[in-house]
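Number of protein chains: 2
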Amino acid sequence: MTFNVTHTSGAARRGEITTPHGAAQTPAFMNVATQAAIKGGLSAADLETVGCQIALCNTYHLHLRPGEEIVRSAGGLHGFMNWSRPILTDSGGFQVFSLARLRKITEDGAAFNSHIDGHRVFMSPEDSVSIQYALGADIAMAFDECVGLPAPYDYVKSSCDRTFRWLERCKLELERLDGGAGKTVLFGINQGATYHDLRRENMLKIAELDLPGYAIGGLAVGESHEEMYETLDELLPVMPSDKPRYLMGVGTPDNIIEAVSRGVDMFDCVLPARNGRHGKFYTSSGTINIKNEKYAADFTPIDERCECPVCSNYSKAYIRHLFKAEEILALRFAVTHNLWYFNHLMSDIRSAIERGEFEAFKKSRSE
Amino acid sequence: MTFNVTHTSGAARRGEITTPHGAAQTPAFMNVATQAAIKGGLSAADLETVGCQIALCNTYHLHLRPGEEIVRSAGGLHGFMNWSRPILTDSGGFQVFSLARLRKITEDGAAFNSHIDGHRVFMSPEDSVSIQYALGADIAMAFDECVGLPAPYDYVKSSCDRTFRWLERCKLELERLDGGAGKTVLFGINQGATYHDLRRENMLKIAELDLPGYAIGGLAVGESHEEMYETLDELLPVMPSDKPRYLMGVGTPDNIIEAVSRGVDMFDCVLPARNGRHGKFYTSSGTINIKNEKYAADFTPIDERCECPVCSNYSKAYIRHLFKAEEILALRFAVTHNLWYFNHLMSDIRSAIERGEFEAFKKSRSE
Numbered sequence: 001m002t003f004n005v006t007h008t009s010g011a012a013r014r015g016e017i018t019t020p021h022g023a024a025q026t027p028a029f030m031n032v033a034t035q036a037a038i039k040g041g042l043s044a045a046d047l048e049t050v051g052c053q054i055a056l057c058n059t060y061h062l063h064l065r066p067g068e069e070i071v072r073s074a075g076g077l078h079g080f081m082n083w084s085r086p087i088l089t090d091s092g093g094f095q096v097f098s099l100a101r102l103r104k105i106t107e108d109g110a111a112f113n114s115h116i117d118g119h120r121v122f123m124s125p126e127d128s129v130s131i132q133y134a135l136g137a138d139i140a141m142a143f144d145e146c147v148g149l150p151a152p153y154d155y156v157k158s159s160c161d162r163t164f165r166w167l168e169r170c171k172l173e174l175e176r177l178d179g180g181a182g183k184t185v186l187f188g189i190n191q192g193a194t195y196h197d198l199r200r201e202n203m204l205k206i207a208e209l210d211l212p213g214y215a216i217g218g219l220a221v222g223e224s225h226e227e228m229y230e231t232l233d234e235l236l237p238v239m240p241s242d243k244p245r246y247l248m249g250v251g252t253p254d255n256i257i258e259a260v261s262r263g264v265d266m267f268d269c270v271l272p273a274r275n276g277r278h279g280k281f282y283t284s285s286g287t288i289n290i291k292n293e294k295y296a297a298d299f300t301p302i303d304e305r306c307e308c309p310v311c312s313n314y315s316k317a318y319i320r321h322l323f324k325a326e327e328i329l330a331l332r333f334a335v336t337h338n339l340w341y342f343n344h345l346m347s348d349i350r351s352a353i354e355r356g357e358f359e360a361f362k363k364s365r366s367e
Numbered sequence: 368m369t370f371n372v373t374h375t376s377g378a379a380r381r382g383e384i385t386t387p388h389g390a391a392q393t394p395a396f397m398n399v400a401t402q403a404a405i406k407g408g409l410s411a412a413d414l415e416t417v418g419c420q421i422a423l424c425n426t427y428h429l430h431l432r433p434g435e436e437i438v439r440s441a442g443g444l445h446g447f448m449n450w451s452r453p454i455l456t457d458s459g460g461f462q463v464f465s466l467a468r469l470r471k472i473t474e475d476g477a478a479f480n481s482h483i484d485g486h487r488v489f490m491s492p493e494d495s496v497s498i499q500y501a502l503g504a505d506i507a508m509a510f511d512e513c514v515g516l517p518a519p520y521d522y523v524k525s526s527c528d529r530t531f532r533w534l535e536r537c538k539l540e541l542e543r544l545d546g547g548a549g550k551t552v553l554f555g556i557n558q559g560a561t562y563h564d565l566r567r568e569n570m571l572k573i574a575e576l577d578l579p580g581y582a583i584g585g586l587a588v589g590e591s592h593e594e595m596y597e598t599l600d601e602l603l604p605v606m607p608s609d610k611p612r613y614l615m616g617v618g619t620p621d622n623i624i625e626a627v628s629r630g631v632d633m634f635d636c637v638l639p640a641r642n643g644r645h646g647k648f649y650t651s652s653g654t655i656n657i658k659n660e661k662y663a664a665d666f667t668p669i670d671e672r673c674e675c676p677v678c679s680n681y682s683k684a685y686i687r688h689l690f691k692a693e694e695i696l697a698l699r700f701a702v703t704h705n706l707w708y709f710n711h712l713m714s715d716i717r718s719a720i721e722r723g724e725f726e727a728f729k730k731s732r733s734e
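Chains as they are written, first to last, in our numbering: chain D, 1 to 367; chain L, 368 to 734.
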């Protein structure tokens with residue numbers, strides 16, 4: 001994997017990541033395909049249509065079902081889901097924290113009960129990397145503990161130390177598996193809750209491992225936007241400038257623009273798909289809820305300025321009808337439009353950085 | 368509307384229907400879009416991809432939601448759902464019988480409670496035609512009473528007589544609305560349960576009205592296949608040979624082939640979509656249930672001989688995973704494949720008739 005910054009505009013960066021499955025332009029928004037499928041009924045071909053550059057799949061889910069050996073036999077996730085562009089896999093750490101039951105964290109790793117059938121599972125840092133390697137990820141993420149907020153300082157500190165030891169084990173395991181071939185690379189994840197000194201200390205430590213990229217984890221888990229931005233203000237200056245910076249699980253268009261303005265390069269979030277499934281559509285003039293009665297006889301598209309396959313062909317009235325009639329085509333249209341919106345927002349962001357006008361772009365959006 | 372038979376092979380007919388929205392080749396299988404949407408999340412564009420020639424929408428559902436005035440304002444169903452090919456609308460008679468509660472049939476029409484919110488609705492033959500006209504159907508169906516089986520002879524006889532009077536009223540109402548413009552045409556529906564004398568008598572009577580097409584209703588509602596075929600054997604000889612013959616709600620590939628061999632031209636059925644949603648896929652070597660454990664690591668397509676977008680790009684293992692993981696993409700793939708299968712079966716049937724080899728085709732299928 002390589003990463004090059006080609007333009008800057010203030011602290012905002014315009015770059016390119018290259019992987020064994022092609023390049024991605026940054027800042028990039030990764031589209032979430034948790035179980036090797038996109039919620040709302042989109043296929044991998046649809047993901048290309050909406051402009052997705054990198055698909056994000058989840059180690060926790062795929063390990064439980066269908067199991068990484070089936071995916072490996074299918075030629076990895078790329079073959080399994082028929083997606084030819086880059087794939088990043090989450091390590092499972094976040095799902096152990098958010099989904100699994102009766103979890104027990106030890107130095108070895110995490111034991112937990114499957115959220116599907118309750119069976120006991122143990123996952124070590126080595127297991128996580130080995131699963132991600134079997135899945136054929138271009139970018140694997142370090143296995144980390146994502147601490148819920150608020151959390152006591154001492155617990156966060158000892159958790160960060162353990163997650164750092166896990167990161168060293170992840171790195172060793174990937175070196176053992178990949179042997180320097182570069183089929184899969186590992187990103188480190190910064191933790192530290194909202195304690196700025198722990199965040200900075202942890203970031204400086206993981207930066208010494210000289211990994212190909214660094215993520216900020218444990219944000220967008222309930223803290224305020226201001227707390228998130230303050231943490232970014234503390235962290236970005238100590239993140240390696242020659243490596244991609246990935247803000248995990250973020251976020252709204254505003255969150256993304258604020259983070260880009262601070263120098264973040266990569267994002268992922270379930271928001272466009274989850275909100276879409278509830279009838280919330282992102283448009284160039286704000287969000288709308290299509291279930292609103294006022295759209296019942298509105299024969300204009302969701303967004304006159306949008307060129308997505310939904311806005312090009314269907315009216316608000318039709319899409320509202322699909323939601324009211326509980327047709328799953330409604331979900332597909334919503335996710336298609338919203339992913340298109342987020343991916344094209346990133347394209348607008350990249351153009352603004354190329355022109356050296358990112359601050360003006362950011363200002364124009366907040367008016 | 369015009370209809371021409373271009374080839375015959377035994378009693379099987381190869382023909383063409385032309386409508387204001389283009390031609391359809393017969394024998395044809397209409398694809399069901401009940402609420403102006405195809406179950407499983409397919410869009411109108413997808414319907415074209417799977418080879419659908421005529422979409423079938425339901426008056427009962429669309430009258431209740433979103434209401435025909437909204438559809439009319441959208442430019443009819445064609446504009447509303449963005450479908451440019453022919454549309455046939457069911458009259459609502461079957462849904463009053465199968466879905467509505469507390470129905471009361473009188474000479475005037477049918478009163479019933481909406482299955483959605485229970486509100487009382489009254490629909491006369493004139494209402495049904497007027498709604499179908501507002502929906503912009505190319506082909507409207509007569510408003511009929513579909514009698515549940517088994518039913519007493521006397522009830523069926525008096526019901527047939529009333530449905531005939533309703534048919535005359537439907538015809539008058541469409542003439543009033545359409546004024547001979549031919550935007551919408553009306554098909555009559557034969558009823559008579561499994562009483563052959565009533566069926567024949569009714570068919571002879573409705574044939575005298577010289578309508579552009581005739582349907583056989585009230586079959587595939589629980590009777591055996593043999594009873595259905597016997598009824599067809601009785602009816603087909605007395606159906607006008609210069610008009611399309613439509614067997615409503617049928618059926619399996621075998622049902623369709625048996626009916627074509629007796630001279631039926633048009634079909635519709637929810638089977639490919641409904642079965643698909645339960646994981647049942649039609650293939651050139653029979654049906655399979657993709658949820659079966661034996662497909663967990665089967666990386667071949669559903670049907671090696673199928674060229675549909677699903678079989679061209681995805682494996683059984685992936686599709687099984689989607690079903691097990693409850694991803695709605697599973698439903699879309701299943702409906703896409705099964706509708707493709709049915710539409711291409713019809714294409715094979717038409718080719719066999721053109722070659723004058725329909726009996727050989729039928730025999731080869733049953734081996």
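Backbone N, C-alpha and C fix where the C-beta goes; we use that ideal spot for every residue, glycine too. Bear in mind the structure is a predicted one, so any value in this text is a computation, not a measurement.
- Going by DSSP, L339/D is part of the alpha helix (DSSP H) stretching over 329 to 354.
- One Cα belongs to F709/L, the other to P620/L, and the distance between them is close to 7 Å.
- For a cut-off of 8 Å, the C-beta gap from K406/L to R644/L is around 7 Å, short enough to register as a contact.
- Of the residues assessed, A12/D falls on the buried side of the cut-off, its CB having 16 or more other CB atoms within 10 angstroms.
- For a Cβ distance threshold of 9 Å, residue set R65, P66 of chain D lies close to K691/L, ordered along the chain.
- In the DSSP assignment, K730/L falls within the unbroken alpha helix (DSSP H) covering 725 to 732.
- For C424/L, the pairing in a beta bridge is given by DSSP as T456/L.
- For Y427/L, the nearest beta carbon of chain D is not closer than 8 Å to its own beta carbon.
- Pairing V463/L with P150/D, the inter-Cα distance amounts to about 57 Å.
- The C-beta distance from Q191/D to G148/D rounds to 12 Å, too long to meet the 8 Å contact threshold.
- Per DSSP, T401/L has no beta bridge partner at all.
- Within chain D, no residue has its beta carbon less than 9 Å from that of L423/L; the closest one is some 15 Å off.
- Counting only Cβ-Cβ distances below 8 Å, A626/L has no contacts in chain D at all, with the closest Cβ about 30 Å away.
- Contact note: F80/D reaches chain L through Y685, using a C-beta cutoff of 7 Å and chain order.
- Just measuring C-alpha positions, the residue of K363/D, I17/D, V32/D, Y295/D sitting nearest T26/D is I17/D.
- It is roughly 9 Å from the alpha-carbon of T386/L to the alpha-carbon of R452/L.
- By the rule that beta-carbons nearer than 8 Å mark a contact, I657/L does not touch chain D.
- With fewer than three CB-CB distances shorter than 8 Å, the region 717 to 730 of chain L does not count as touching the region 641 to 661 of chain L.
- Classified as exposed, K661/L has fewer than 16 neighbouring CB atoms from the shown chains inside 10 Å of its CB.
- Shown here, I657/L sits in coil according to DSSP, grouped into three states, outside any helix or strand.
- Short of 7 Å from the beta carbon of T194/D, and not among the five residues preceding or following it, lie these beta carbons of its own chain, in chain order: L149, E223, E227, T231.
- Of the residues N275/D, R101/D, E208/D, L62/D, the one whose Cα lies closest to the Cα of S130/D is L62/D.
- Between L345/D and the set L322/D, A317/D, F267/D, the nearest pair of CA atoms involves F267/D.
- L322/D sits away from A422/L, with the two beta carbons spaced by 8 Å or more.
- Three or more pairs of CB atoms, one per stretch, sit closer than 8 Å, so the region 497 to 513 of chain L contacts the region 522 to 535 of chain L.
- The DSSP-derived three-state label of T194/D is coil.
- DSSP places A12/D in the uninterrupted beta strand (DSSP E) bounded by 12 to 19.
- DSSP places N275/D in the uninterrupted alpha helix (DSSP H) bounded by 271 to 277.
- The residue among G485/L, A395/L, P492/L, V702/L with its C-alpha nearest the C-alpha of I472/L is P492/L.
- In this structure, DSSP gives R687/L a helical state, which the three-state scheme calls helix.
- Distances from the CA of K572/L to each of Y613/L, G555/L, T375/L were compared; the closest alpha carbon is that of G555/L.
- In the DSSP secondary-structure assignment, D268/D is bridged to M30/D.
- Neighbours of L571/L across chain D, judged by C-beta separation under 8 Å, do not exist; the nearest C-beta is about 40 Å away.
- Residue-level contact check: F648/L does not touch chain D, since none of the beta carbons of chain D fall below 8 Å from its beta carbon.
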